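Visitor: Take 118 as the starting number for the sequence shown in our numbering and just add one per residue.
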Amino acid sequence: MNTLNPPQREAVNYLDGPLLVLAGAGSGKTRVITQKIAHLVRQRGFRPEQIAAITFTNKAAKEMRERAKQLLPGQSLESLNVSTFHALGARILRQEAKALQLKPRFSIFDAADSASVLAELAKEADKAKLKALQWRISAWKSALVEPNAALSLAEDDLGLAAARLYGDYEQALRAYQAVDFDDLIRLPVRLFESEADVLLRWQGKLQYLLVDEYQDTNRSQYRLLRLIAGERAAFTAVGDDDQAIYAWRGADVENLRVLQADFPQLKVIKLEQNYRSMQRILKAANALIGNNPKLFEKRLWSEHGHGDAIQVNVARD
């Protein structure tokens with residue numbers, strides 16, 4: 118804890134309600150998350166299995182777990198939930214399969230498996246059209262749009278074809294006793310919204326949530342977080358609207374604004390000290406980012422000195 122700067126320390130210690138940590142690039146966000154895990158276990162009496170730290174890649178999850186182990190030597194962390202959103206969703210589905218009329222050993226179809234199912238259902242479609250149909254259906258699932266609703270949202274022939282295919286695709290997945298990647302989030306959300314007792318059980322299991330790269334969440338991922346957090350709202354979301362780069366796959370930086378609307382008591386802490394770059398680089402970055410639409414004002418700074426002149430290298434596209 119002594120290695121943290123004042124805003125980092127405040128973020129680690131804050132447990133009086135929902136918290137959004139706006140972490141600029143190179144500001145030590147992973148350190149904050151792992152130190153908070155250690156703080157929850159060591160000082161606040163949480164058991165590891167009551168904590169869920171959620172990120173977007175298996176590599177990041179592995180790094181987070183290793184750092185937590187270093188901070189808690191001698192503490193068994195096998196039950197600590199450090200995973201991606203999809204791994205958490207898969208765990209929920211495995212344990213609640215019966216409620217969704219799934220076998221406990223249901224299959225999880227990857228993109229290639231899903232494409233094969235769609236190809237069987239739309240034999241007349243060429244490869245390019247199949248890819249477009251698959252993308253539309255995936256986007257609807259990520260936005261929590263069900264097949265019937267998709268029909269009313271279709272705006273062109275391709276959309277109408279995708280909407281008609283969507284329902285058949287869902288039936289085919291069930292026949293295979295399978296779910297696709299989008300279902301790993303969508304189905305737990307649907308289950309929690311329809312089965313209050315199941316939701317209550319999971320709220321009891323996961324009593325504190327930490328979410329990394331929050332700006333990259335899509336609608337269904339945010340809804341899953343919102344449901345598990347419940348009225349207790351015991352969570353820390355770490356993100357940065359200036360680093361939102363995944364809109365093409367359904368990520369919605371608007372979730373930062375929604376977070377404030379859904380949780381009026383939300384506390385916001387900004388991490389603006391950069392540990393990675395010189396001040397000249399940060400000044401240029403601040404100037405460029407200043408032209409973007411912003412939800413939150415931030416100014417990154419560094420104690421590493423001014424640095425050399427910036428070099429621009431032009432390469433052929």
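Cβ atoms here follow ideal geometry from the backbone N, Cα and C, with glycine treated the same way.
Fair warning: this is a prediction, and the values are worked out from it, not measured in the lab.
Consult DSSP for Asn122 and reduce its assignment to one of helix, strand or coil.
Guide: Coil at Asn122, not helix or strand.
Visitor: Grab the span of the beta strand (DSSP E) containing Asp297 for me, first residue to last.
Guide: Looking at the DSSP string, the run of the beta strand (DSSP E) that includes Asp297 is 295-297.
Visitor: Who pairs with Thr201 in a beta bridge, going by DSSP?
Guide: In the DSSP output, where bridge partners are listed per residue, Thr201 has Thr172.
Visitor: For Ser255, does the three-state DSSP call read helix, strand or coil?
Guide: Three-state result, Ser255: helix.
Visitor: Is the beta carbon of Phe226 less than 7 Å from the beta carbon of Ala295?
Guide: Going by C-beta atoms, Phe226 is nearer than 7 Å to Ala295.
Visitor: Going by CA-CA distance only, name the one from Gly347, Ile254, Gln332, Arg393 that's closest to Val355.
Guide: Of the candidates Gly347, Ile254, Gln332, Arg393, the one whose C-alpha sits nearest the C-alpha of Val355 is Gln332.
Visitor: Between the beta-carbon of His203 and the beta-carbon of Leu301, is there less than 7 Å?
Guide: Taking 7 Å as the Cβ cut-off, His203 and Leu301 qualify as a contacting pair.
Visitor: Where does the unbroken beta strand (DSSP E) through Gln353 begin, and where does it stop?
Guide: Before going further, note that residue 353 is Thr rather than Gln in the sequence given. Taken as a continuous stretch (DSSP letters only), the beta strand (DSSP E) holding Thr353 covers 352-356.
Visitor: Who are the near neighbours of Phe309 in its chain, counting only those whose CB is closer than 8 Å to its CB and skipping five residues on each side?
Guide: Only Val315, Leu316, Trp319, Leu341, Leu344, Ile345 meet the Cβ criterion.
Visitor: Taking C-alpha atoms, which residue in Glu272, Gln251, Lys415, Ala267 lies nearest to Phe298?
Guide: Among Glu272, Gln251, Lys415, Ala267, the Cα nearest to that of Phe298 belongs to Gln251.
Visitor: Determine, using beta carbons only, whether Phe380 and Pro135 come nearer to each other than 7 Å.
Guide: Going by C-beta atoms, Phe380 is nearer than 7 Å to Pro135.
Visitor: Taking the C-alpha atoms as reference points, what is the distance between Glu312 and Val306?
Guide: Cα to Cα, the separation comes out at about 10 Å.
Visitor: Are Met181 and Val158 touching if we call contact CB-CB under 7 Å?
Guide: Going by C-beta atoms, Met181 is not nearer than 7 Å to Val158.
Visitor: Tell me the DSSP secondary structure of Tyr325 in three-state form.
Guide: The answer is strand: DSSP assigns Tyr325 an E or B state.
Visitor: Beta carbon of Leu238, beta carbon of Leu282: below 7 Å?
Guide: Yes, they are a contact pair.
Visitor: Would you say Asp273 and Leu139 are within 7 Å of each other, going by their C-beta atoms?
Guide: Contact flag unset, no.
Visitor: Let me check understanding here. Comparing Cα to Cα, which of Leu290, Val262, Ile254 lies closest to Ala278?
Guide: For the residues Leu290, Val262, Ile254, the minimum Cα distance to Ala278 belongs to Ile254.
Visitor: If the criterion is Cβ atoms closer than 7 Å, does the pair Ser337 and Ser231 meet it?
Guide: No, these two residues do not count as a Cβ contact at 7 Å.
Visitor: Given a cut-off of 7 Å on the beta-carbon distance, is the pair Leu383 and Ser144 in contact?
Guide: Contact: no.
Visitor: Cα separation between Arg148 and Gln324?
Guide: Arg148 and Gln324: Cα-Cα distance of roughly 21 Å.
Visitor: Beta-carbon within less than 6 Å of Asn122's beta-carbon, same chain only, minus the 5 sequence neighbours each way: which residues are those?
Guide: Closer than 6 Å at Cβ, skipping near neighbours: Gln390.
Visitor: Are the beta-carbon atoms of Thr201 and Ala178 separated by less than 7 Å?
Guide: Yes, these two residues count as a Cβ contact at 7 Å.
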